[in-house]
Structure formats: C-alpha cells, structure tokens
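Asks: Just so we're aligned, residue -1 is where the sequence shown starts under my numbering, counting upward by one.
We treat Cβ as the ideally placed atom computed from N, Cα and C, and that holds for glycine.
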Amino acid sequence: MPIVRTASDLQRNINEIYDVCERTKEPVYITRNGRSNLVVMDASAYEEQESIKRALYESEMRRYKALMQSEDEVVAGRTFTLDEARAARKQKRAS
C-alpha cells in the first residue's frame, strides 16, 4: 500500500518523511487538495531503480539489435535449415 502524506504534513514534519523514505525505501506520495502532486523518495532507492531500468533497457536493445540482424540475414538469403546447422556444428566439433 502506498505511503501518502499531505503537503501540509510535508511542511510540518519533513524530518519524519525523510525517515520514512530512508527506512522503507518506498516512495512517499504527497497530496495537495486531495490529489497526488509530488513523490518523495530515498536517493539510494531511486538510484537503484534507475540502474535496474538502464540494465533492462540495455538488455532489450541487445535483443532488438539481434532481431534486426536476423531479419537482415533472412532478407539477404543467408539462411540454412536445422539439419544444415546441426551438420555444421557436428563438423566444427570434429575439427
């Protein structure tokens, strides 16, 4: 369940909100006039989330590039059957 505090609470009890962020490593949603307005988060938890996002993005880009390379090879006619691949592997192992 998300941690929600009001903007007034942020102004009056900022040290408590710092402690909550640091202790829970969860974002604290700050509301103004009953609507979510701001999110406060521990810096180390934020950096960890950003690091995970970057790693995921890089992984997805590697997959995308491999798929694009595969598509280019199919278009260029550089394909072979499964039997041909197995034979090539077997020949490579024998060498």
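Mapping the DSSP letters down to three states, classify T22 as helix, strand or coil.
Replies: The answer is helix: DSSP assigns T22 an H, G or I state.
Asks: When the Cα of D40 is compared with those of R33, E24, R30, which residue comes out closest?
Replies: E24
Asks: Taking the alpha helix (DSSP H) that S57 falls in, what are its first and last residues?
Replies: 41 to 73
Asks: Helix, strand or coil for R30? Go by DSSP, reduced to three states.
Replies: strand
Asks: Nearest CA to the CA of V38: which residue from D17, V26, R60?
Replies: V26
Asks: Just checking my contact of E71 with T77 at CB under 8 Å: how many whole Å lie between their CB atoms?
Replies: T77 and E71 do touch by the CB rule: their CB atoms are close to 7 Å apart, below 8 Å.
Asks: Pick from K88, E82, V2: whose alpha carbon is nearest that of N31?
Replies: V2
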